[in-house]
Amino acid sequence: MAIIRQVAELGHPVLRNQAVKVEEVNDPSIQSLIDDMLVTVSESNGAGIAAPQVYESVQIFIMASIPNPRYPNAPEMEPTAIINPEILWCSEERDKDWEGCLSVPCIRGLVSRHQEIRVRYTMKDGRQTEQTFNDFLARLFQHEYDHLKGISFLDRMDTTQEIITEKMFQKLVEQARQSEE
Ligand code: ZN
């Protein structure tokens, strides 16, 4: 049975480690870690979660983009485990948008990311795949990938002036929604 894992918060050294490669994807401890991360991310209304965020310094993250109260504009995708990821190519074009993080509660920041990326990773069943992501999903991939390198989204910000609280972020979302109506 999958369990909800505790999420490490900014300041814990595990979030600053370089995560190690997964050697054996079929190892039961790796498979159950992935199952736990899938449950943990959906319970916390996250769009993604990386293994270091649940105190496991291995190269795995989950992309689980779905519209939820924390990310009302997220596109819907099947929750996907990304193992031993590599970024093969990234666009010169960059976008700036709001990010949050389960390990940095109550804070949002504007972060510049590559608009499109080409990636390779191993899937939960052990097969390798290549994929292209853009916009929100490219941003999500880059955010989670950074966690495997010990980097937080705050490290990627141009200025601390572009930090806002979760409460203010929700107000912005609500204003944007109303102006669309
Ligand atoms: Zn994060």
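Be aware that the sequence shown starts at 1334, since it is given in the numbering used here, and climbs by one per residue.
Think of the CB as a built atom: it goes at the ideal place given N, C-alpha and C, for glycine as much as any other residue.
Computed from a predicted structure; not experimentally measured.
Three-state secondary structure (DSSP) of residue i
i: Ser1424; result: coil
i: Val1353; result: strand
i: Arg1451; result: strand
i: Arg1441; result: strand
i: Ile1415; result: strand
i: Arg1446; result: strand
i: Thr1465; result: strand
i: Glu1432; result: strand
C-beta atoms of residue i and residue j nearer than 8 Å
i: Ala1341; j: Gln1392; result: no
i: Thr1373; j: Arg1338; result: yes
i: Ile1450; j: Phe1474; result: yes
i: Ser1398; j: Phe1469; result: yes
i: Val1437; j: Met1490; result: no
i: Glu1463; j: Phe1394; result: no
i: Ile1416; j: Val1347; result: no
i: Leu1505; j: Arg1453; result: no
Residue range of the alpha helix (DSSP H) that includes residue i
i: Tyr1478; result: 1468-1481
i: Phe1502; result: 1499-1513
i: Ile1367; result: 1361-1376
Buried or exposed (CB count within 10 angstroms, at least 16 for buried), residue i
i: Asp1479; result: buried
i: Glu1432; result: buried
i: Glu1414; result: First, the amino acid is wrong: residue 1414 is Ala here, not Glu. That one is buried.
i: Pro1385; result: buried
i: Asp1360; result: exposed
Residue i Cβ short of 7 Å to ligand 1 heavy atom set
i: Ser1436; result: yes
i: His1345; result: no
i: His1447; result: no
Residue interval of the beta strand (DSSP E) (run including residue i)
i: Ile1393; result: 1393-1396
i: Gly1381; result: 1381-1383
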